[in-house]
Amino acid sequence: MAVSFHVRSNSYPSRQHPQAAHVDEQLTRLRSSEAASSSSICQRLSNLQDLHDSLEKMVRLSVNNQTLSQDQIEKLLDGSLRILDLCNVAKDALSQMKEGLMEIQSILRRKRGDLSGEVKKYLVSRKMLKKSLQNVLRSLKVCQNKDNTSGSLVVFGEAEAVTISLFESLFSFMSGSKACGKWSLVSKVMSQNKATCEAEANEFTRIDSQFQSEKSLKMEDVQILESCIQDVEDGIESLSKSLIKYRVSILNI
């Protein structure tokens, strides 16, 4: 999977804007959900979509009031493109995993075919994918260290930082490096009285473990993971649409 996204240090205009208070509320909600163990990635993606819808309204008001300079416009476009690139990285990774599961699910359903061969192919693909995602995570940490949001339009810089933080968590979740904790997408199907790390392990990690022992692999396991992937894909796609709309409003300036 090719991994590439734009990196640029950002500074933004002041938050004295009629829509800024509403955006601040959404930022606060996203920060609090980051610390909540019951908060799912899908819900945070939905909250991010709401945030970027509000930012788009903020930009439209700025267009009418002519409060943005050319330099500020370019910085906003830069930031939104950076996040769209991350959306595309996530969508490519999820699509790759879903394709790998399709043949395995077909073999389990028909109860014939080279299950062992397909599982090995999936595990090799997962290993390569994990490496790619870890490279993205390292790049994000370097970029964050270089970022400068001490200028004006701070609210847009904070929104970008919160968004990138979610993608860091998402990529960690998908690569299996957060085996225990706050990002479980399938807590609803896990026993409420099991608080162990094993019970809270995310589905990507749990299915990887099941694939190591093919005899314990069940159709239900694959279907749950496929459903999780689809839910995250839907969230990423909705966020991408909001970002595109946001970019269009900026380009209309």
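If you're matching positions, the sequence shown starts at 13 in my numbering and goes up one per residue. Glycine included, C-beta positions come from ideal geometry on N, C-alpha and C. These figures come from a predicted structure and were not determined experimentally.
Selection from the options that minimises the alpha carbon distance to residue i
i: L60; options: R41, K110, R72 and L73; result: R41
i: I219; options: I248, F185, S92 and D83; result: F185
i: G188; options: S151, L165, L145 and D233; result: L145
i: E115; options: A102, K133 and L106; result: K133
i: F183; options: R124, K230, M231 and L106; result: L106
i: K230; options: V260, D246 and K123; result: K123
i: L127; options: K139, R138, L113 and S137; result: L113
i: S239; options: A32, L73 and C54; result: C54
i: Q235; options: N147, Q117 and I95; result: Q117
i: N147; options: V101, G129 and R121; result: V101
Proximity of residue i and residue j at Cβ, strictly below 8 Å
i: I262; j: V71; result: yes
i: E277; j: L149; result: Since the first residue of the chain shown is 13 and the last is 265, residue 277 is not available in this structure.
i: D233; j: Q224; result: no
i: L57; j: I248; result: yes
i: L251; j: C99; result: yes
i: L135; j: Q108; result: no
i: L80; j: R259; result: no
i: Q84; j: L178; result: no
i: E245; j: K103; result: yes
Chain B contact for residue i (CB, 8 Å cutoff)
i: S184; result: Any reference to chain B falls outside this structure, which holds one protein chain only.
Cut-off 6 Å between Cβ atoms - residues of its own chain near residue i, not counting five sequence neighbours on either side
i: D65; result: S254
i: Q204; result: Unreliable placement is indicated for Q204, whose pLDDT of 38 sits below 50; the coordinate value is still reported in the next sentence. Here the set comprises nothing.
i: G125; result: I119
i: N264; result: none
i: S16; result: Because S16 sits at a pLDDT of 48, beneath the cut-off of 50, its placement in the model cannot be relied upon, and the following sentence gives the value as read from the coordinates. For S16, where only same-chain residues beyond five positions count, there are no Cβ hits under 6 Å.
i: R20; result: Model confidence at R20 stands at a pLDDT of 43, short of 50, so the residue's coordinates are unreliable and nothing is read from them.
i: A32; result: V167
8 Å Cβ shell around residue i - same chain, five flanking residues per side excluded
i: L63; result: V35, Q38, L39, L42, A171, V174 and T175
i: Q242; result: K110
Contacting residues, own chain, Cβ-Cβ under 7 Å from residue i (five flanking each side not counted)
i: S137; result: Q108 and G112
Could you tell me whether the stretch 215 to 225 touches the stretch 165 to 175, using the rule of 3 or more Cβ pairs below 8 Å?
With the rule of 3 Cβ pairs closer than 8 Å, the stretch 215 to 225 does not count as touching the stretch 165 to 175.
Quick check on the DSSP output: what are the complete alpha helix (DSSP H) runs of length 4 or more inside the stretch 51 to 136, in order along the chain?
For the stretch 51 to 136, the continuous alpha helix (DSSP H) assignments of 4+ residues that do not extend past its boundaries occur at 53 to 77 and 82 to 122, in sequence order.
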